[in-house]
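Colleague:
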Amino acid sequence: HDAEGLAAFEQIIAQDSRVEPRDWMPAGYRKTLLRQISQHAHSEIIGMQPEANWITRAPSLKRKAILIAKVQDEAGHGLYLYSAAETLGQNRDRMMDDLLAGKARYSSIFNYPARTWADMGAIGWLVDGAAICNQVPLCRASYGPYGRAMVRICKEESFHQRQGFEILLELSNGTPAQKQMAQDAVNRWYAPALMMFGPPDDESPNSKQSMAWNIKRFSNDELRRRFLGMMVEQAKVLGLTLPDENIRYNEAEGHWEHGPLDWDEFAEVLAGRGPCNAQRMERRREAHENGAWVREAAAAYAAKRAAKEHA
Ligand code: FAQ
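Residue 812 is where the sequence shown starts when you use my numbering, and the numbers rise one by one after that.
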């Protein structure tokens, strides 16, 4: 029945409609979705760490409540995404084992340190800003469970970006030292945020097929340029500068351009040798071990309830 399945699948893609878990799909489509969705889930979970690190040091009760809510949202995003990946036939424990064994990727951005309170602003503004730019088009991804998870996630990411912007705005309008702290954080997060979009188009092996399958809607460089244009305008409102003398609007092409990015650094981070890779993985393993009793208790409770239902 593969020929029939393939024809139906191709029709869904041609009509820009949705593939659902029980539909036939090519093995490569399933594999690339599992790859992207599980990496995305891992990014949300590892991505909790740079900010969780600042919860106890937030400068006020209000700031602390907001930051806790944001970090909890990230845990929730990870859970929706693991659920979406499970609909493709992958077991959640396997995905977690791959992450803990260092076999799975997660976003490069979370391997950079959050040094000051202003980093909470820069992460929200730049990292969540990049995440939104990349993820809004994914709401239209051809795989139903992924696209639907993205809709909820993007709504929450918008709040995350606003809270980061607001932290920077307040620091920028504060004392000279506060303004300097905000500028320093933006200087450190700018280039890593641009690299979140992935390698340049001519070095992106997955883009072409993912675009043909309506998973990705825009190329890595195209999204990176859109993001840059948004940040240029918002930086003016913040009264901060983006640390790149080469930013310019290319009239002929109709898009924004940035200066050269350090792709060797990106490769090092992906190879596990970024500033915080080892620390992030160590914390995740620790958290997993410390949570063993919760998993055991939940499993025992579920077994007890199932036994009662059968009785
Ligand atoms: N980091 O051929 P392509 C967040 C890998 S936002 C690490 O272009 P593709 C929210 C790529 O996997 C962050 N690896 O790949 C938040 C591939 O390797 P593979 C997460 C990267 O898939 C905010 C290889 O390079 N967002 O968590 C990166 O077509 C604040 C070749 O690349 C998503 O995951 C990178 N930056 O395009 C949470 C969005 N870039 O798998 C907490 C969904 C590329 O062949 C706090 N994902 N690689 O071994 C996507 O849109 C895509 O997967 C891309 C990469 C655009 C990331």
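For glycine and all other residues, C-beta sits at the position ideal for the given N, C-alpha and C.
Within the stretch 950 to 1015, note down every full alpha helix (DSSP H) run reaching 4 residues or more, in order along the chain.
Modeller: Complete alpha helix (DSSP H) runs here, min 4: 955 to 983 and 987 to 1006.
Colleague: Determine the closest residue to residue 861 out of 986, 921 and 834, with distance taken between C-alpha atoms.
Modeller: Translated into positions along the sequence shown, residue 861 becomes position 50. Closest option to residue 861, Cα to Cα, is 921.
Colleague: Consider the C-beta atom of residue 851 and the heavy atoms of ligand 1; say whether any pair is separated by less than 7 angstroms.
Modeller: As a position in the sequence shown, residue 851 is number 40, starting the count at 1. Under cutoff, so the answer is yes.
Colleague: With hydrogens ignored, establish whether the beta-carbon of residue 1008 is closer than 7 angstroms to any heavy atom of ligand 1.
Modeller: By one-based count along the sequence shown, residue 1008 stands at place 197. Answer for residue 1008: yes, Cβ within range of ligand 1.
Colleague: Between 866, 926 and 944, which lies nearest to residue 1035 when the distance is taken from Cα to Cα?
Modeller: Here residue 1035 refers to the residue found at position 224 when the sequence shown is read from its first residue. The residue with the shortest Cα to Cα distance from residue 1035 is 944.
Colleague: Whole angstroms are fine: how far does the CA of residue 985 sit from the CA of residue 1066?
Modeller: Against the sequence shown, residue 1066 aligns to sequence position 255. Against the sequence shown, residue 985 aligns to sequence position 174. Going by the C-alpha atoms only, they are around 34 angstroms apart.
Colleague: State the DSSP-derived secondary structure class of residue 1066, mapped to helix, strand or coil.
Modeller: Walking along the sequence shown from the start, residue 1066 turns up at place 255. Looking at residue 1066 - three-state DSSP - the assignment turns out to be strand.
Colleague: How should residue 884 be labelled, buried or exposed, when 16 other C-beta atoms within 10 angstroms of its C-beta is the threshold for buried?
Modeller: Along the sequence shown, one-based indexing puts residue 884 at 73. Label assigned to residue 884: buried.
Colleague: Residue 1031 by DSSP, collapsed to three states: which one?
Modeller: Sequence index remark: in the sequence shown, residue 1031 carries index 220 (1-based). Note: residue 1031 maps to helix in three-state DSSP.
Colleague: Cα-Cα, which of 875, 887 and 911 is closest to residue 1094?
Modeller: The sequence position of residue 1094 within the sequence shown is 283, counting from 1. If we check each option's Cα against that of residue 1094, 911 comes out closest.
Colleague: Between the stretch 1000 to 1020 and the stretch 1052 to 1070, do three or more beta carbon pairs fall short of 8 angstroms?
Modeller: Taking 8 angstroms as the limit for Cβ pairs, the verdict is that the stretch 1052 to 1070 does touch the stretch 1000 to 1020.
Colleague: Does any heavy atom of ligand 1 sit closer than 7 angstroms to the C-beta of residue 1015?
Modeller: Here residue 1015 is taken as the residue at index 204 of the sequence shown, counted from 1. Checking every heavy atom of ligand 1 against the Cβ of residue 1015, one is found closer than 7 angstroms.
Colleague: On the DSSP bridge list, what partners appear for residue 1101?
Modeller: Here residue 1101 refers to the residue found at position 290 of the sequence shown. In DSSP, residue 1101 forms no bridge with anything.
Colleague: Just to confirm, are residue 996 and residue 930 a CB contact at a threshold of 8 angstroms?
Modeller: Counting from one through the sequence shown, the residue named residue 996 turns up at place 185. Counting from one through the sequence shown, the residue named residue 930 turns up at place 119. Against a cut-off of 8 angstroms, the Cβ pair of residue 930 and residue 996 comes out as a contact.
Colleague: Got a sec, what are the start and stop residues for the beta strand (DSSP E) residue 1060 sits in?
Modeller: Taking the sequence shown and counting its residues from 1, one reaches residue 1060 at position 249. Per DSSP, residue 1060 belongs to the beta strand (DSSP E) from 1059 to 1061.
Colleague: Over what stretch of residues does the alpha helix (DSSP H) that includes residue 1054 continue unbroken?
Modeller: Within the sequence shown, the letter at position 243 stands for residue 1054. Unbroken run through residue 1054: none, as it is neither H nor E.
Colleague: Any heavy atom of ligand 1 closer than 7 angstroms to the beta-carbon of residue 769?
Modeller: The structure shown does not extend to residue 769, since the chain is modelled only from 812 through 1122, so no value can be given for it.
Colleague: Which of the three DSSP states, helix, strand or coil, is assigned to residue 947?
Modeller: Residue 947 sits at position 136 when you count from the first residue of the sequence shown. DSSP places residue 947 in coil when its eight states are reduced to three.
Colleague: Enumerate in chain order the residues of its own chain whose CB-to-CB distance from residue 979 is below 6 angstroms, with the five nearest sequence positions on each side excluded.
Modeller: The sequence position of residue 979 within the sequence shown is 168, counting from 1. Taken in chain order, the residues that qualify are 932, 936, 993 and 1049.
Colleague: Nearest-angstrom Cα distance between residue 895 and residue 817?
Modeller: Your numbering for residue 895 matches position 84 in the sequence shown. Your numbering for residue 817 matches position 6 in the sequence shown. If I take the Cα positions, the gap works out to 22 angstroms.
Colleague: Could you tell me whether any Cβ in chain B is nearer than 8 angstroms to the Cβ of residue 942?
Modeller: Here there is only one protein chain, and chain B is not present.
Colleague: When you compare each of 1040, 1074, 1079 and 1075 to residue 1062 by their alpha carbons, which one comes out closest?
Modeller: Walking along the sequence shown from the start, residue 1062 turns up at place 251. Among 1040, 1074, 1079 and 1075, the Cα nearest to that of residue 1062 belongs to 1040.
Colleague: How is the alpha helix (DSSP H) around residue 891 delimited, first residue to last?
Modeller: As a working note, residue 891 is residue 80 in the sequence shown. 872 to 897 is the span of the alpha helix (DSSP H), which, as asked, contains residue 891.
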